[in-house]
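Novice:
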Amino acid sequence: MRPNGVKLFRTQSPRHFEGGDWNEGGSCQRDKPLSAEEVEELFSLDNNGTNVEARLVNQHLVRALENSTFKVLNITGMSEFRADAHPSTTGGKKHDDCMHWCLPGPTDTWNDLLAANLLATES
Numbered sequence: 001m002r003p004n005g006v007k008l009f010r011t012q013s014p015r016h017f018e019g020g021d022w023n024e025g026g027s028c029q030r031d032k033p034l035s036a037e038e039v040e041e042l043f044s045l046d047n048n049g050t051n052v053e054a055r056l057v058n059q060h061l062v063r064a065l066e067n068s069t070f071k072v073l074n075i076t077g078m079s080e081f082r083a084d085a086h087p088s089t090t091g092g093k094k095h096d097d098c099m100h101w102c103l104p105g106p107t108d109t110w111n112d113l114l115a116a117n118l119l120a121t122e123s
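Right, dumping it as structure tokens:
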């Protein structure tokens, strides 16, 4: 690693399995983004939602990196809304893929955030 190089940490992207995890018959058949209430219902630490571990890990890492030379690219919160952006069973898959992303919105936004962070470090 270059001593003066830019160091970024990207938080985890959320999974949108409902009714079980990937190996328990979970699915992601949403066709529109979630509302704020739906996000909290699915992902809230209080409700032991799908991404409890990811939210906890992200919170600890963001806190740990606060006074470091790392910049945090926090994509988790905004991506939680996009339950509609997974490939599901398209392409003949046997099980829903609720972890990877297929629509341009979320990943394009992550790239825009990365570019903005890199440009900000140059100034």
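Under UniProt numbering, the sequence shown has 63 at position 63, and the numbering climbs by one with no breaks. For every residue, glycine included, the Cβ atom is placed at its ideal position computed from N, Cα and C.
#1: Report the three-state DSSP secondary structure of residue 27 (helix, strand or coil).
#2: Are the segment 103-114 and the segment 79-94 touching, with three or more C-beta to C-beta distances below 8 Å?
#3: Applying the 10 Å Cβ sphere with the 16-neighbour rule, what's the burial state of residue 63?
#4: Beta-carbon within less than 7 Å of residue 52's beta-carbon, same chain only, minus the 5 sequence neighbours each way: which residues are those?
#5: Could you work out which residue in 110, 24, 35 and 6 is closest to residue 94 when comparing CA atoms only?
#6: Using a threshold of 8 Å, state whether the C-beta atoms of residue 30 and residue 75 are closer than that.
#7: Can you tell me which of 109, 71 and 78 puts its alpha carbon nearest to the alpha carbon of residue 7?
Specialist: On the basis of the coordinates in this document:
#1: strand
#2: yes
#3: Label assigned to residue 63: exposed.
#4: Only 45 meet the Cβ criterion.
#5: 24
#6: no
#7: For residue 7, the nearest C-alpha among the options comes from 71.
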